[in-house]
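In UniProt numbering, the protein residues as written are 54 to 327. For reference, the structure discussed in these notes is given below.
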Ligand code: ATP
């Protein structure tokens, strides 16, 4: 089931407080979400509703977490898919799936008695990449269907819809996607700085027995360039090292070994790519 979660809907429990760092991104996102929460007030001022929010930034920085937290914050159902799920050999299948995704979102909202739904599309660049030299692609219909769905989101409908998308290649996106009324809000979800790394490490070390000798501040210092996902992986690896050594607590050496392992993993990934 997990492997085939196309259009699966959930009521997310992720809260913004569970996301380390990203203070600026969280503030910007919450501001945008107020359009959904306080839509009546916005309408009274004739303000156009926000339909699309683009989260851009490197892999593993918490874009999916942000989208889930957005759904929790606005008490919306959350329906998600990845751009690569829409790439199909047969023309029209991808477009059909997009239609279904939006239908599922509306249905799930009604079923769960929610007033709003967030549709999240990860790796949007897979279906929304630039059309070079006007060339036609087999997935143009998919992109067009997405644009049609977004243009058709009306405030006067019974379920308010918001589309969120994530990419780590924003500059590759087709300008049609970025026009007003589509993904016109862009939020940068960047790699964490030292302070943010400390916050993320603290979050992921919460449920682990840390030796008093461990300084997460030092770990944060030593992990320049790590993403949130890598920091999560690092705390998990440190716990595995401690367990294997029969140590009751996670010691500084376990963290050091885990840092090396995550860095090495990166290196072998890069070598494999060459
Ligand atoms: P991708 O672009 O690869 O899809 P993403 O930006 O959507 O990645 P997530 O899927 O949100 O990243 O993050 C993966 C995991 O990494 C999370 O489930 C979480 O454990 C950890 N993580 C990433 N960023 C953070 C963060 N800012 N705070 C806490 N945990 C984080």
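Even glycine gets a Cβ: it sits at the ideal position worked out from N, Cα and C.
When only Cα atoms are considered, residue 226 and residue 106 end up about 14 Å apart. Only buried fits residue 75, as 16 or more other CB atoms lie within 10 angstroms of its CB. Taking residue 311 as reference, the option from 119, 165, 276, 130 with the minimal CA-CA separation is 276. By the neighbour-count criterion, in which 16 or more other beta carbons inside 10 Å mark a residue as buried, residue 144 falls on the exposed side. Proximity to the ligand ATP was defined by a C-beta distance below 5 Å to any of its heavy atoms, and the residues meeting it, in sequence along the chain, are 72, 73, 112, 113, 114, 115, 116, 117, 118, 253, 281, 282, 285. For residue 278, same chain residues with a beta-carbon under 8 Å away, outside a window of 5 residues either side, are 244 in chain order.
For residue 90, the three-state secondary structure derived from DSSP is helix. Of the candidates 317, 293, 148, 315, 148 places its Cα closest to the Cα of residue 199. CA-to-CA, the gap between residue 77 and residue 146 works out to about 38 Å.
Closest by C-alpha distance to residue 153, out of 166, 164, 139, is 139. For residue 135, the enclosing beta strand (DSSP E) stretches over residues 130 to 135. Rounded to whole angstroms, the gap between the alpha carbons of residue 266 and residue 255 is 15 Å.
Sorting 102, 70, 120 by C-alpha distance to the C-alpha of residue 82 places 120 at the top. According to the DSSP secondary-structure assignment, residue 171 is paired through a beta bridge with 131, 215. With a 10 Å radius around the Cβ and a threshold of 16 neighbouring Cβ atoms, residue 194 comes out buried.
Taking 8 Å as the cut-off, the beta carbon of residue 72 is found closer than this to the beta carbon of residue 122. Excluding the 5 residues flanking it on each side, residue 230 has same chain C-beta neighbours closer than 6 Å at 181, 236, in chain order. Rounded to the nearest angstrom, the gap between the Cα atoms of residue 91 and residue 246 is 33 Å.
For residue 227, there is no enclosing alpha helix (DSSP H), as DSSP marks it with neither H nor E. Between residue 272 and residue 116, the C-beta gap is not smaller than 8 Å, which leaves the two residues out of contact. Contact annotation, residue 282 with residue 269: C-beta distance approximately 17 Å; criterion of less than 8 Å not satisfied. Out of 127, 99, 196, the CA that lies nearest to the CA of residue 67 is found in 127.
Per DSSP, residue 155 lies in no beta strand (DSSP E); the unbroken alpha helix (DSSP H) holding it starts and ends at 146 to 164.
At a Cβ-Cβ threshold of 8 Å, residue 159 and residue 212 count as neighbours.
Shown here for residue 80: not one same chain residue has a beta carbon closer than 8 Å to its own, the five before and five after excluded.
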